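> Numbering-wise (our numbering), the sequence shown opens with residue 1 and increments by one.
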Amino acid sequence: MADTAKVWTIREVLNWTGGYLQRAQIEQPRLEAELLLGKALGRTRVELYMDLDRPLEATELSAYRSLIRHRADRIPTAYLLGEKEFMSLAFKVNRSVLIPRPETEVLVEWAIRHLEEFAPEREERPLLVADVGTGSGNIAVTLAKRFANVQVTAIDLSPDALEVARQNAALHGVERRIEFLEGDLLGSVRDKRQGFDLIAANLPYIAAGDLPHLPREVLYEPIAALDGGKDGLALYRKLVPQVVELLAPRGVLLLELGSGQARAAGRLFSPESWEPVRVIPDYAGHDRVLIARRKSPPRRVLRPVMRAGRPGPDPVRT
Ligand SMILES: C[S@@+](CC[C@H](N)C(=O)[O-])C[C@H]1O[C@@H](n2cnc3c(N)ncnc32)[C@H](O)[C@@H]1O
Numbered sequence: 001m002a003d004t005a006k007v008w009t010i011r012e013v014l015n016w017t018g019g020y021l022q023r024a025q026i027e028q029p030r031l032e033a034e035l036l037l038g039k040a041l042g043r044t045r046v047e048l049y050m051d052l053d054r055p056l057e058a059t060e061l062s063a064y065r066s067l068i069r070h071r072a073d074r075i076p077t078a079y080l081l082g083e084k085e086f087m088s089l090a091f092k093v094n095r096s097v098l099i100p101r102p103e104t105e106v107l108v109e110w111a112i113r114h115l116e117e118f119a120p121e122r123e124e125r126p127l128l129v130a131d132v133g134t135g136s137g138n139i140a141v142t143l144a145k146r147f148a149n150v151q152v153t154a155i156d157l158s159p160d161a162l163e164v165a166r167q168n169a170a171l172h173g174v175e176r177r178i179e180f181l182e183g184d185l186l187g188s189v190r191d192k193r194q195g196f197d198l199i200a201a202n203l204p205y206i207a208a209g210d211l212p213h214l215p216r217e218v219l220y221e222p223i224a225a226l227d228g229g230k231d232g233l234a235l236y237r238k239l240v241p242q243v244v245e246l247l248a249p250r251g252v253l254l255l256e257l258g259s260g261q262a263r264a265a266g267r268l269f270s271p272e273s274w275e276p277v278r279v280i281p282d283y284a285g286h287d288r289v290l291i292a293r294r295k296s297p298p299r300r301v302l303r304p305v306m307r308a309g310r311p312g313p314d315p316v317r318t
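(1) DSSP puts F151 in a beta bridge; with which residues?
(2) Give, in chain order, every unbroken run of the beta strand (DSSP E) that is at least 3 residues long and sits entirely within the stretch 165-229.
(3) Beta-carbon within less than 8 angstroms of S273's beta-carbon, same chain only, minus the 5 sequence neighbours each way: which residues are those?
(4) According to DSSP, simplified to helix, strand and coil, what is G18?
(5) Flag this pair as yes or no: are the beta carbons of A265 and L257 separated by less than 8 angstroms?
(6) Just to confirm before moving on: does the CB-CB distance between W110 and I291 stay below 8 angstroms?
(7) What is the residue span of the alpha helix (DSSP H) that R146 lies within?
(8) Quick one: what does DSSP say F91 is sitting in, helix, strand or coil?
(9) How about L41 and P29: are their beta carbons less than 8 angstroms apart?
(10) Excluding five sequence neighbours on each side, which residues of the same chain lie with their C-beta closer than 6 angstroms to the C-beta of P55?
(11) Does the distance from the C-beta atom of E32 to that of I26 stay below 8 angstroms?
(12) Give me, in chain order, the residues of the same chain whose beta-carbon lies closer than 7 angstroms to that of E12; leave out the 5 immediate sequence neighbours on both sides.
(13) How about G135: is its Cβ closer than 7 angstroms to a heavy atom in ligand 1?
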């Protein structure tokens with residue numbers, strides 16, 4: 001697009017930028033060129049194809065040129081578009097939040113299975129879910145949208161991320177069933193009487209030493225969404241003991257992991273409090289989601305204490 005005096009049609013500009021992004025080693029150059037042109041013109045990809053010979057106005061060309069330059073600088077397409085699809089729903093994203101990943105859909109699919117298992121038993125009160133490190137709210141919103149009787153507590157350290165999550169909850173009409181809490185892991189949960197049925201956490205799990213080797217695109221994402229400490233498990237090490245206190249008996253915890261972390265993560269779960277953990281691979285075959293179920297506490301057998309002259313305590317109320 002060096003020739004600024006030339007009038008470019010949609011077809012010509014797509015052909016040119018497809019080649020340009022390919023030379024810049026962008027993985028799906030034509031698709032990305034189409035998505036970004038759609039953004040610049042406020043059109044869907046199908047609409048572009050229906051109007052391939054339409055000439056671009058100077059302002060449209062300049063908006064598109066700026067998007068293409070940013071993309072060649074490796075700014076992720078989702079940030080340039082301002083949205084990302086997750087579980088077939090559109091989520092707003094900006095640089096305050098991690099871009100939702102397809103691997104996280106595996107966690108959500110298993111969360112749905114477990115909630116479906118609990119749902120028939122739980123008619124008297126809503127199913128209680130916590131999403132720790134909610135980011136864009138993709139997990140919280142998807143679960144709230146899927147189950148009308150789910151109440152979610154969505155937690156993040158970052159107020160800017162929570163703002164994006166709130167917007168996504170409103171976009172999908174579930175804001176009344178999600179409570180947003182700013183805080184460190186589960187420390188800000190106030191009402192600890194009713195246990196959560198399910199806790200999901202996709203917390204940062206990249207080992208600090210691996211951060212400088214990440215693809216350039218990933219380095220545009222918030223460091224607080226990536227850095228999992230020395231071995232990547234620092235936050236999960238802190239979270240698991242908190243979860244034991246807050247999960248209902250037989251409640252389930254789902255953690256997203258990095259590949260190669262399953263064995264070390266499994267050691268965070270003591271057999272006294274937890275059933276043996278399951279590890280679910282993602283679609284590339286890497287261990288990705290750890291599922292742990294809290295054991296029911298052993299039933300206390302209450303015997304009435306009989307003392308001469310006085311009735312024993314009521315075993316039901318004790
Ligand atoms: C890997 S991102 C996941 C975002 C989103 N749940 C997803 O699946 O795309 C992790 C999120 O955890 C948040 N976070 C990091 N440390 C936290 C902490 N100690 N307590 C609560 N949230 C934390 C980050 O701000 C970030 O939004």
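Glycine included, each C-beta is placed from N, C-alpha and C at the ideal position. Remember, predicted model here, so these are calculated numbers, not experimental data.
The structure says:
(1) One detail in the question is off: residue 151 reads as Gln in this sequence, not Phe. Q151 is bridged to L128.
(2) Every beta strand (DSSP E) stretch that sits fully inside the stretch 165-229 and reaches 3 residues is listed by chain position as 178-182, 196-201.
(3) V244, R294, K295
(4) Residue state, collapsed to three classes: helix.
(5) yes
(6) Contact: yes.
(7) 138-146
(8) Of the three classes helix, strand and coil, the one that applies to F91 here is strand, per DSSP.
(9) In this structure, P29 does not lie closer than 8 angstroms to L41 by Cβ.
(10) V7, T9
(11) yes
(12) Here E12 has no same chain residue with a Cβ atom under 7 angstroms from its own Cβ, once five neighbours each way along the sequence are excluded.
(13) Taking 7 angstroms as the cut-off, one finds at least one heavy atom of ligand 1 near enough to the beta carbon of G135.
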